[in-house]
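J.: Below are the structure tokens for one structure; questions will follow.
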Amino acid sequence: MRRRARTVTLVAALLASTVTACSSANDLIIYSGRNEQLVGALLEQLEEAVGIDVEVRYGGSGEMAAQLLEEGQGTEADVFFSQDAGALGAVGEQGRLAELPADVLGMVPESYRAKDKRWVATSARARVIAYDPRVVGEGELPQAIEDVVDPKWKGKVGYAPTNGSWQAFVTSVRVLKGEDFAKDWLEKFAANEPKRFDNNISILKAVDEGQLPFGLINHYYWYASATEKGGEANMKAKLHRVGGGDPLALVNVAGAAVVQGSNQSEAAQKAVRFLLSEQAQRHFADQTAEYPANPAVRPGKHRLPPITDLQPPDIDLSKLSSLQETVKLLQEAGLS
Amino acid sequence: MAVLPLAYLAVRSFERGGGVVWDVLARTRTAELALRSLSLAVAVTAACLVLGVLGAWLVARSDLPGRRAFGVLLVLPLAVPSYVGGFTWISVAPGLTGFGGAFVVLTLVSYPYVLLPVAAALRTADPAVEEVARSLGRTSTQVFFSVTARQVRPAALAGGLLVALYVLSDFGAVSLMRYEAFTLGIYTSYRATFDRTPAAILGLVLVVLAVALTIGERRARGVVAHRGRRNPPTAPLGRARVPALAGSVVLVLLTLGVPVASLVWWLVAGTSTFSVADVVKTTGNTIAVSAFGALLTLLFALPVGILAARHRGRLVRGVELAGFAGHALPGITVGLALVFFGIRFAPALYQTVPMLAFAYAVLFLPLAVGAVRTGVAHAPPVLEDVSRSLGHGRWRTGLRVTVPLAAPGVLAGTALVFLTCAKELPATLLLRPTGVDTLATELWTRTEVAAYAAAAPYAAVLLVVAAIPALVLDRFLGGER
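Residue numbers (the working numbering), protein chains in the order written: chain A, 1476 to 1811; chain B, 104 to 584.
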């Protein structure tokens, strides 16, 4: 029995020793809340640009923000690459992000960087309306948030209640228009019997297949779907962009920051600069169909308007995180 | 060890003063969510007790055709992570959401928590008691309820407790099935408001619920039946043979058929691709970290389980109780607790395999403790006395006598922990060495971007990896017959 126990321990130790990570203090360590499937190839190219070994740790953006805050000054992370601005804001607020140099910040428009200079957007995604032109004329389309709850759209609008972007949109309604307006709007929206969907993809599919007049989604799903179908011409659904600073035009961003106290701060800044470079921005535009945050880079593969043409609402993107109240409001309206 | 997460939660909860704690607790939503989670836990546990005890009896005692195969198949659903179960059910039955959906998914992935220990208890229980009852004129059904049910009650309740704690801590299934449970509040804190304080306070509430459940289970547990000198005979099913077989087949179809069919469909319909080399490497990683986690957990569980079975002191109860609290906490909370302590007090071990294994031990200790305790309780203490009287010390006796006697239970517990480690996600993401992927993390990464065809092989391999301990277990237990 004892011998067997010893053998088992030995085998376990051997097995465990095969699972080694080769990170060292001399490497650049990136905590990425963006999915490996989306940015893995790009971050491999980053190694070349930075000049030292790069180790990437993947996770969820919110969980990684919590991890960075728990790690505090002991962290080995040098760069935080996040799926949304809220996570960056939360880490920055606690003094865990370093100020970025002016030339890096200068690569993006003012509304796409933190006011305290601690993070910069790397790409953007916009809320849009996907509609079926066979059913809805271009002239009829909503021009503002109030139009969406018009009784004529009863039972004709699709939304994805569990989607983070939908919740960020509702938060922006609260922040921009006030709690009372948001409550009233959500009640009207609920009374209009909107169709609920699991996610943006199924909304777009329903519109494309003629089962739904229009739905509220993020823009890049349309481009991904077009690629899958072999071209934009094959898409029956069309996109309608609301402008004029309306909450329907909300733009959210993914972004990057240098971690405070990084022992590789120079390489870390290089990494952020790389993420804003032509090469990386083209990756976002072509591979993930996001808006490049650097307006000098024009989208090629997909016909995206330049980021400076979007007229998003004026809102501090890192403040889109007051979700507890949003969730409560959605529940009261019966929309959660 | 089990105190670490509690200390962390206390630090985070009270860092902004007691006022915040009170605010969070006083929200009507907090009570509402707690109630929703508790009612789900009660319903799932009840269903798992029924399924688990019936299933265990069929595979351990009856002449069900294909009994050995069912012994493995009925345990395998443990390898289905709740988020995969939830996902596949949604794609098969989109209408199945809310309480009903969460109930179905959680029941189907967690009933083996009851089946495993009950099957072990049934295989070792003394058949003489049943024979006496039968000789006194009781029918088979009466014998089952008056004798067998009592013999397996401690094992069944121990398993039921694990199910209840698992349901409380689960986030994957409830979020996919859109049932607002207590963990939703915790995850909203981390993911949407990026505020760790409410999450910690809610975590403490979960601990209180877990302690209450654990104490309740202990009150109801009863006395463990002693191990028999021979193995129980096989009971003929008679006319019940066909319905029993049909029921088992349906259960296997629901628990394994649905996920497997979805996997196949993903592979066929999807366009994303995968690399065989990556799958192989990830499988090696998963087996290594899970084996390490399971052995470390066993190492901690043996003394606690043996003490809990043999002594009833206050200290022992306290230790056992603290261990169970860790199991009711979501993986992210325990993971962050170890991030907090690890980087401050053991920076050399931070984000290494030993620390990940330690996190598994904190999370899954109860799985092993319950099994060890039940196993040891089945071993007659008189044999230990004999060993002691022959001059063997306490440790030697424990290793040479108690552990081998309790082996079926101990093995069942270790297998459980192994399976659970293999599918664990949130703590693994936080504590794995940078760049080391497991099957669960690779599965997550791919399903998150809807690359289902690429995800399918990882889910399939996870099932296969989980089948190994299930097979070993069956061979070990079956070999005794």
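Even glycine gets a Cβ: it sits at the ideal position worked out from N, Cα and C. On a predicted model such as this, the values are computed, not experimentally measured, just so you know.
For Gly-538 (chain B), would you say it is in contact with chain A, using Cβ-to-Cβ distances shorter than 8 Å as the test?
T.: yes
J.: For Gly-496 (chain B), report the span of its beta strand (DSSP E) as first-last.
T.: It is not in any beta strand (DSSP E) - Gly-496 (chain B) carries neither H nor E in the DSSP assignment.
J.: Using beta carbons (cut-off 8 Å, strictly below), is Ile-193 (chain B) in contact with chain A?
T.: Contacts with chain A at 8 Å (Cβ-Cβ) include Ile-193 (chain B).
J.: Which stretch, first to last residue, makes up the alpha helix (DSSP H) that contains Arg-535 (chain B)?
T.: Neither: Arg-535 (chain B) is in no alpha helix (DSSP H) and is coded neither H nor E.
J.: Can you tell me whether Arg-171 (chain B) is buried or exposed, with buried defined as 16 or more other CB within 10 angstroms of its CB?
T.: Exposed, by the Cβ-count rule.
J.: Strictly under 8 Å for the Cβ-Cβ distance: is Gly-1736 (chain A) near chain B by that measure?
T.: With 8 Å as the cut-off, Gly-1736 (chain A) does not count as an interface residue toward chain B.
J.: Hey, would you say Gln-1618 (chain A) sits closer than 8 Å to Thr-1801 (chain A), going by beta carbons?
T.: no
J.: By the DSSP assignment, the alpha helix (DSSP H) with Tyr-1698 (chain A) in it spans what residues?
T.: Element bounds for Tyr-1698 (chain A): 1695–1703.
J.: What is the C-beta distance between Phe-274 (chain B) and Pro-433 (chain B), in whole angstroms, given that I count them as a contact (C-beta under 8 Å)?
T.: So it is a contact: roughly 6 Å between Cβ atoms.
J.: My output table needs one value for Ser-375 (chain B): the three-state DSSP class, helix, strand or coil.
T.: coil
J.: Grouping DSSP H, G and I as helix and E and B as strand, with all else coil, what is His-1758 (chain A)?
T.: helix
J.: Please state whether DSSP places Leu-264 (chain B) in a helix, a strand or coil.
T.: helix
J.: In three-state DSSP terms, what is Ile-1790 (chain A)?
T.: coil
J.: Based on the DSSP output, what are the partners of His-1715 (chain A) in its beta bridges?
T.: A:Ile-1604
J.: Closest Cβ-Cβ distance between Ile-1676 (chain A) and chain B: below 8 Å?
T.: Look at Ile-1676 (chain A): its C-beta is under 8 Å from a C-beta on chain B.
J.: Of all the CB atoms in chain A, is at least one closer than 8 Å to the CB of Phe-190 (chain B)?
T.: It does not: the Cβ of Phe-190 (chain B) has no partner Cβ on chain A nearer than 8 Å.
J.: Would you call the region 254–274 of chain B and the region 117–132 of chain B in contact, with 3 or more CB pairs under 8 Å?
T.: no
J.: Rounded to whole angstroms, what is the Cα-Cα separation between Asp-238 (chain B) and Thr-500 (chain B)?
T.: Here residue 238 (chain B) turns out to be Ser, not Asp, going by the sequence shown. Their Cα atoms are separated by approximately 38 Å.
J.: Going along the chain, which residues of the region 422–445 of chain B sit with their C-beta nearer than 7 Å to a C-beta in chain A?
T.: Ile-435, Leu-439, Val-442, Phe-443
J.: What does Thr-548 (chain B) reach in chain A if we use C-beta pairs closer than 8 Å?
T.: Asn-1510, Glu-1511, Gln-1512, Tyr-1533
J.: Excluding the 5 residues preceding and the 5 following Val-1717 (chain A) in the sequence, name in chain order all residues of the same chain whose CB lies nearer than 6 Å to its CB.
T.: Leu-1723, Ala-1724
J.: Does the region 362–372 of chain B come into contact with the region 479–492 of chain B, if we say contact requires no fewer than three beta-carbon pairs (one atom in each stretch) closer than 8 Å?
T.: no
J.: Excluding five sequence neighbours on each side, which residues of the same chain lie with their C-beta closer than 6 Å to the C-beta of Thr-286 (chain B)?
T.: Phe-274, Pro-433
J.: Give the range of the beta strand (DSSP E) segment to which Tyr-1587 (chain A) is assigned.
T.: Neither: Tyr-1587 (chain A) is in no beta strand (DSSP E) and is coded neither H nor E.
J.: For the 8 Å Cβ check, are there 3 or more pairs between the region 218–235 of chain B and the region 184–200 of chain B?
T.: no
J.: Kindly indicate which three-state DSSP category Ala-573 (chain B) falls into: helix, strand or coil?
T.: helix
J.: Which chain A residues are close to Pro-450 (chain B), counting only those with a beta carbon under 8 Å from its beta carbon?
T.: Here the neighbours are Gly-1549.
J.: Under 9 Å, CB to CB, which of the residues in the region 1655–1675 of chain A have a partner in chain B?
T.: Asp-1673, Asn-1674
J.: Of the choices A:Asp-1673, A:Trp-1594, A:Met-1582, whose alpha-carbon is the least far from that of Leu-1810 (chain A)?
T.: Nearest C-alpha to Leu-1810 (chain A): A:Asp-1673.
J.: Going along the chain, which residues of its own chain have a beta-carbon closer than 8 Å to the beta-carbon of Asn-1709 (chain A), five neighbours each way excluded?
T.: Ala-1701
J.: Could you tell me which residues DSSP puts in a beta bridge with Tyr-1506 (chain A)?
T.: A:Arg-1532, A:Phe-1555
J.: Residues of chain A with CB under 9 Å from Arg-139 (chain B), in chain order?
T.: Under the 9 Å cutoff, chain A gives no residues; its nearest Cβ is about 12 Å from Arg-139 (chain B).
J.: Kindly list the residues whose CB is nearer than 7 Å to the CB of Met-1476 (chain A), restricted to its own chain and excluding five residues on each side of it in sequence; keep chain order.
T.: Per-residue confidence for Met-1476 (chain A) stands at a pLDDT of 46, beneath the threshold of 50, marking its modelled position as unreliable; the derived number appears in the next sentence. Excluding sequence neighbours, Met-1476 (chain A) sits near nothing in its chain.
J.: Assuming Val-212 (chain B) contacts Trp-192 (chain B) under a Cβ cut-off of 8 Å, what Cβ separation, rounded to an integer in Å, is found between them?
T.: 10 Å between Cβ atoms; not a contact.
J.: Check whether the Cβ of Pro-529 (chain B) lies closer than 8 Å to any Cβ atom in chain A.
T.: yes
J.: Can you tell me which of the three DSSP states Val-207 (chain B) falls into?
T.: helix
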